[in-house]
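Chemist: For the record, in the sequence shown the residue sitting at position 158 is 165 according to the numbering used here, with numbers rising by one throughout.
Can you read through this structure? Questions will come right after.
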Amino acid sequence: MKPELIVAIDGPSGAGKSTLSKRLAAALGYLNLDTGAMYRAVALAASRKKVDLSDEAALGRLAGDVSIDFIRQDSGERVMLDGEDVSQAIRTPEVSLLTSRVAACAGVRRAMVELQRQMGAKGGVVLEGRDIGTVVFPRAEVKFFLSASAVERGRRRYEELKARGLLVELEQTIVEVEARDAADSAREHAPLIQAEDALVIDSTAMTIDQVLQEMLRVVELRRRQAGLAGPVAGADR
Ligand code: DC
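Okay, structure coming up:
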């Protein structure tokens, strides 16, 4: 049997990647890999273990030592760090800021990219991140680059944090989104850039469903081109 596709979704924070990656993977019966959650887990581990963030060698060692896994539960996908469910703990604004710094470390990226390649090697997977189509799987059969204006992305992040009961301000959230964009785009290792062969979708004025339909249309087309006609396996993986 031909292997199913590798789908890469890259783009800045707040463009809707997480939601769309989950929905697309569910619609296709593919595995969903949130690579940002992996960098967040390393940042959380670094903060708990009080690793000096300017010590690149120590950060790289830490990334190689920790165990990061995803498990599926009725409540959704959970992120496990050394066997502990950290799905909530990695989503605070503090961890978001730390993650930008930790993700700039070459040793950390090496360890995470290796793990992501192992997890996605068999295909039938949607990977969501910043460097999936350029570094992790440059030969992915489908590459999306999802974007939206900074103001719209800041607004979405604000609504998300507020819904989780966190006390935040809209202006401040927009400033933070812009600061993280700048850090992610300017860093030396695997900066956020668009793969040349990625399909760009600007979601500023689109609903989640509209973007999902567009993505499904492209994936189905590529599946047919790859000789994978017929419905996807749809297995609950
Ligand atoms: O997608 P997110 O907001 O959960 O990502 C958290 C941080 O990790 C963000 O600063 C970008 C970084 N990241 C990265 O450098 N490479 C990835 N493949 C995914 C995320």
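Think of the CB as a built atom: it goes at the ideal place given N, C-alpha and C, for glycine as much as any other residue.
All values derive from a computational prediction rather than experimental measurement.
Shorter than 7 Å, the distance from the beta carbon of SER20 to the closest heavy atom of the ligand SAH, or not?
Modeler: Only the ligand DC can be found as ligands here, which leaves the ligand SAH out of the picture.
Chemist: Starting from LYS150, trace the beta strand (DSSP E) both ways and give me its first and last residue.
Modeler: 149 to 154
Chemist: Please return the same chain residues whose Cβ sits closer than 7 Å to the Cβ of ILE78, not counting the five positions on each side in sequence.
Modeler: ARG85, MET87
Chemist: Measure the CB-CB distance between THR183 and PRO100 and report whether it falls below 8 Å.
Modeler: The identity of residue 183 in the sequence shown is Glu, whereas the question assumes Thr. Yes, Cβ-Cβ distance for GLU183 and PRO100 is below 8 Å.
Chemist: Just checking TYR37 against the ligand DC - is the residue's beta carbon closer than 7 Å to any of the ligand's heavy atoms?
Modeler: In terms of side-chain proximity, the C-beta atom of TYR37 is found no nearer than 7 Å to any non-hydrogen atom of the ligand DC.
Chemist: For GLN217, which beta-bridge partners are listed by DSSP?
Modeler: DSSP lists no partner for GLN217.
Chemist: Which residue wins for smallest C-alpha separation from ALA170, given the options GLN201, ASP204, PHE151, ARG98?
Modeler: ARG98
Chemist: DSSP three-state call for VAL184: helix, strand or coil?
Modeler: helix
Chemist: For my contact list, LEU12 and GLY136 are in at a C-beta cut-off of 8 Å; report their separation, rounded to the angstrom.
Modeler: Rounded, the Cβ-Cβ distance is 17 Å, inconsistent with contact.
Chemist: Taking DSSP's pairing of strands, which residues face GLU135 in a bridge?
Modeler: Per DSSP, ILE16, ASP41.
Chemist: So the candidates are ILE208, ARG230, SER107, ARG231; which of them puts its Cα closest to the Cα of GLU221?
Modeler: ILE208
Chemist: At which residue ranges does the region 67 to 92 contain complete beta strand (DSSP E) runs of 3 or more residues, listed in the order of the chain?
Modeler: 75 to 80, 83 to 88
Chemist: Using the Cβ count rule (16 or more neighbours within 10 Å means buried), how would you classify GLN179?
Modeler: exposed
Chemist: Taking buried to mean at least 16 other C-beta atoms within 10 Å of its own C-beta, is MET8 buried or exposed?
Modeler: exposed
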